[in-house]
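A.B. asks: To start, I am sharing the structure in question, which I have written as structure tokens.
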Amino acid sequence: MREEHKPGESAAAAGEAHEPVVNPFQAGAAPTEAPELPEAETSAQAPATAEAAGARNPRLKWYAVHTYSGHENKVRSNLLKRVQVEGLEDKFGQVLVPTEEVTEMKQGKKTVSSRKYFPSYILVEMEMSDEAYHLVNQISGVTRFVGLDPRDSSKRPVPLRPHEVDRILGRIERPQEHRVTEIPYRVGDHIHVIDGPFSEFNGVVDDVNEERGTLKVMVTIFGRETPVELDFLQVEPI
Numbered sequence: 001m002r003e004e005h006k007p008g009e010s011a012a013a014a015g016e017a018h019e020p021v022v023n024p025f026q027a028g029a030a031p032t033e034a035p036e037l038p039e040a041e042t043s044a045q046a047p048a049t050a051e052a053a054g055a056r057n058p059r060l061k062w063y064a065v066h067t068y069s070g071h072e073n074k075v076r077s078n079l080l081k082r083v084q085v086e087g088l089e090d091k092f093g094q095v096l097v098p099t100e101e102v103t104e105m106k107q108g109k110k111t112v113s114s115r116k117y118f119p120s121y122i123l124v125e126m127e128m129s130d131e132a133y134h135l136v137n138q139i140s141g142v143t144r145f146v147g148l149d150p151r152d153s154s155k156r157p158v159p160l161r162p163h164e165v166d167r168i169l170g171r172i173e174r175p176q177e178h179r180v181t182e183i184p185y186r187v188g189d190h191i192h193v194i195d196g197p198f199s200e201f202n203g204v205v206d207d208v209n210e211e212r213g214t215l216k217v218m219v220t221i222f223g224r225e226t227p228v229e230l231d232f233l234q235v236e237p238i
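Shown next, in the form of structure tokens:
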């Protein structure tokens, strides 16, 4: 497979990320990317590659991938095209930008709009391998996979749990319901951070922002309790 040197991200693109994150899989190596491809209209429900052809790989699992803010659809489109170019359709299933249709009242009128309920994330159904991992990680706009298990010597990301996938896909399949992100944590819950700069820290949930899908967690840093904001996908219950 031919690799291309990845150009430096523009200042504008870098500014759109929530915060810079060092990808632990790329330490000591210059990242590369797929060629920039035009963005296409996409739907969260649209199947990709192997599923579109009617095949089904039993080893497919779901992974969460973090992207630059506002680049979710572009990343999805470029990833699907790169999979086809490399002939890896049997290694990938669906690629989703989790969205839902929200019904709201504006100026006395009912309006329906589409809203991303996990901003800056896409979900990729794939058979994890070095080749598949690097293909995803090379796409322009991707910052990292979510969920690195320090106990796994292969240094591969951890797939989403079945109940997490069921809940996310259930929301996609039930459109036109006005609801906020359902977060399985409450104030006072003890959690363990599994992703990001505070990985391996333990903490206590101090506040839950259901609209944004985030938690304010109190962690002890240098002997002092410090509040940090985390996506609920970055933590697990203790």
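Take the sequence shown: its position 184, counted from the start at 1, is 184 in the working numbering, and no numbers get skipped.
Ideal Cβ positions, reconstructed from N, Cα and C, are used throughout, including at glycine.
1. In the DSSP output, what is residue 214 paired with across the bridge?
2. Does the beta carbon of residue 60 fall short of 7 Å from some heavy atom of the ligand FAD?
3. Does residue 105 come out as helix, strand or coil in the three-state DSSP assignment?
4. To the nearest angstrom, how far is it from the Cα of residue 36 to the Cα of residue 187?
5. By the three-class DSSP mapping on this structure, what secondary structure does residue 57 have?
6. For my contact list, residue 147 and residue 194 are in at a C-beta cut-off of 8 Å; report their separation, rounded to the angstrom.
7. Buried or exposed: where does residue 192 fall if 16 or more other Cβ atoms within 10 Å of its Cβ makes it buried?
8. Have a look at residue 116 and residue 135 and give me their C-alpha separation to the nearest angstrom.
9. Does the distance from the CB of residue 168 to the CB of residue 210 come in under 8 Å?
10. With respect to the alpha helix (DSSP H) encompassing residue 156, which residues constitute its N-terminal and C-terminal limits?
11. Going straight from the alpha carbon of residue 259 to that of residue 164, what length do you get?
12. Can you list, in chain order, the residues of its chain whose CB lies under 7 Å from that of residue 122, leaving out five sequence neighbours each side?
13. Looking only at DSSP bridge pairs, what is residue 122 linked to?
14. Do you know whose CA, among 114, 83, 144 and 100, lies nearest residue 127's CA?
15. In the DSSP assignment, what residue or residues form a beta bridge with residue 134?
16. Since residue 217 and residue 205 should fall inside the 8 Å C-beta cutoff, what is the C-beta to C-beta distance between them, to a whole number of angstroms?
17. Do residue 234 and residue 196 have their C-beta atoms closer together than 8 Å?
18. Tell me, which residues are paired with residue 116 by DSSP?
19. Secondary structure at residue 170, three-state DSSP: helix, strand or coil?
20. So, with DSSP's three-state summary, where would you put residue 127?
C.D. replies: According to the structure data:
1. Under DSSP, residue 214 shares a beta bridge with 209 and 231.
2. Of the ligands one can find in the structure shown there are none, so the ligand FAD has no counterpart to examine.
3. Unreliable placement is indicated for residue 105, whose pLDDT of 49 sits below 50; no coordinate value is reported for it.
4. At residue 36 the pLDDT is 40, less than 50, meaning the model places this residue with poor confidence and gives no usable figure here.
5. Three-state DSSP puts residue 57 in coil, outside helix and strand.
6. That belief holds up - the Cβ atoms of residue 147 and residue 194 are roughly 6 Å apart, short of 8 Å.
7. Sixteen is the threshold: since fewer than 16 other Cβ atoms of the shown chains lie within 10 Å of the Cβ of residue 192, the residue is exposed.
8. Taking the straight line joining both Cα atoms gives about 24 Å.
9. Residue 168 places its beta carbon 8 Å or farther from that of residue 210.
10. Note, residue 156: premise wrong, no alpha helix (DSSP H); not H, not E.
11. In the structure as shown, the chain begins at 1 and stops at 238. Residue 259 is therefore absent and cannot be evaluated.
12. So the list reads 65, 67, 72, 75, 76, 95, 96 and 97, once near-sequence residues are dropped.
13. Beta-bridge pairing by DSSP links residue 122 to 65.
14. Closest option to residue 127, Cα to Cα, is 83.
15. As far as DSSP is concerned, residue 134 takes part in no beta bridge.
16. At roughly 6 Å, the Cβ-Cβ gap stays under 8 Å, so residue 217 and residue 205 are in contact.
17. Going by C-beta atoms, residue 234 is nearer than 8 Å to residue 196.
18. Beta-bridge pairing links residue 116 to 99.
19. In the three-state DSSP reduction, residue 170 falls in the helix class (H, G or I).
20. Coil, per DSSP.
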